[in-house]
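> Structure in structure tokens, see below.
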Amino acid sequence: MNTKKFFLSGIVGGIVYFFVGYLVYGKLMSDFFMKNAGTASGVNRNMDQYVWWSLVLGNLCMGFLLSFVFVKSGVKSAGTGLLTGAVLGLLSAGSYDFVSFATSNLSTVKGAVADVGVFALMSAVAGAFVGWVCGALSKRSGN
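Numbering-wise (my numbering), the sequence shown opens with residue 2 and increments by one.
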């Protein structure tokens, strides 16, 4: 595996997840997800109570997941990265959200379905960047 491509594209993916997540979850969809929370109370932290190192690490993990799959499968363009990222995001969020809905009171079904869509969209955007970086590094190294 090309470790330089893996690390650089993974970091880019993590950064994109962080900022797109802030925009989508923190600003655009915040009210929707609050209205579609389940009956569990005291679950969400206020932004001033976030555990930032954990938030950053979680976003980097997703960036590195995309990077690992892309490097192993030969994704080398923004377009292929967008599609592959969307599928990975849809399946991973679907797995988490539907199991979580079935076993907890964290969200309504409407909130769970919306989260799957939102995360698929975020993963598509991050995937486009990761794919672009993988392609740019491949051209540079001749791989």
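Ideal Cβ positions, reconstructed from N, Cα and C, are used throughout, including at glycine. Here the structure is a predicted model, which means the values were calculated and not measured.
So if DSSP puts Ser108 in a beta bridge, which residue, or which two residues, is it bridged to?
Position 107 of the sequence shown, counted from the start, is the residue given in the question as residue 108. The partner list for Ser108 (beta bridge, DSSP) reads Ala38.
> For the alpha helix (DSSP H) holding Val57, just list the boundary residues, first then last.
Taking the first residue of the sequence shown as 1, we reach residue 57 at position 56. 53 to 74 is the extent of the alpha helix (DSSP H) around Val57.
> Determine the direct distance from the alpha carbon of Phe34 to that of Asn106, and round the result to whole angstroms.
For the purposes of this step, residue 106 is taken as the residue at position 105 of the sequence shown. For the purposes of this step, residue 34 is taken as the residue at position 33 of the sequence shown. Cα to Cα, Asn106 sits roughly 13 Å from Phe34.
> To the nearest angstrom, report how far apart Ala72 and Cys135 are at their CA atoms.
To locate residue 72, count along the sequence shown from 1; it is residue 71. To locate residue 135, count along the sequence shown from 1; it is residue 134. Checking the displayed sequence, the identity of residue 72 turns out to be Val instead of Ala. Going from the Cα of Val72 to the Cα of Cys135 covers about 7 Å.
> Count the other CB atoms, across all protein chains shown, that sit within 10 Å of the CB of Ser124; report buried if there are 16 or more and exposed otherwise.
Taking the sequence shown and counting its residues from 1, one reaches residue 124 at position 123. Flag for Ser124 reads buried.
> How many Å lie between Trp133 and Gly14 at the Cα?
Translated into the one-based positions of the sequence shown, residue 133 becomes position 132. Translated into the one-based positions of the sequence shown, residue 14 becomes position 13. Their Cα atoms are separated by approximately 10 Å.
> Do you know offhand how far Leu91's Cα is from Val114's?
Taking the first residue of the sequence shown as position 1, residue 91 is located at position 90. Taking the first residue of the sequence shown as position 1, residue 114 is located at position 113. Rounded to whole angstroms, Leu91 to Val114 spans 10 Å at the Cα level.
> Do Ala87 and Gly128 count as a contact pair if the criterion is CB distance below 8 Å?
Sequence index remark: in the sequence shown, residue 128 carries index 127 (1-based). Sequence index remark: in the sequence shown, residue 87 carries index 86 (1-based). Yes, these two residues count as a Cβ contact at 8 Å.
> Work out the CA separation of Arg141 and Lys6 for me, nearest whole Å.
Residue mapping note: residue 6 aligns to position 5 of the sequence shown, counting from 1. Residue mapping note: residue 141 aligns to position 140 of the sequence shown, counting from 1. Approximately 11 Å between the Cα atoms of the pair.
> Write down the C-beta distance between Ser108 and Asn37 rounded to the nearest angstrom, noting that I regard them as a contact closer than 8 Å.
Working through the sequence shown from its first residue, we reach residue 108 at position 107. Working through the sequence shown from its first residue, we reach residue 37 at position 36. About 6 Å separates the two Cβ atoms, so the contact holds.
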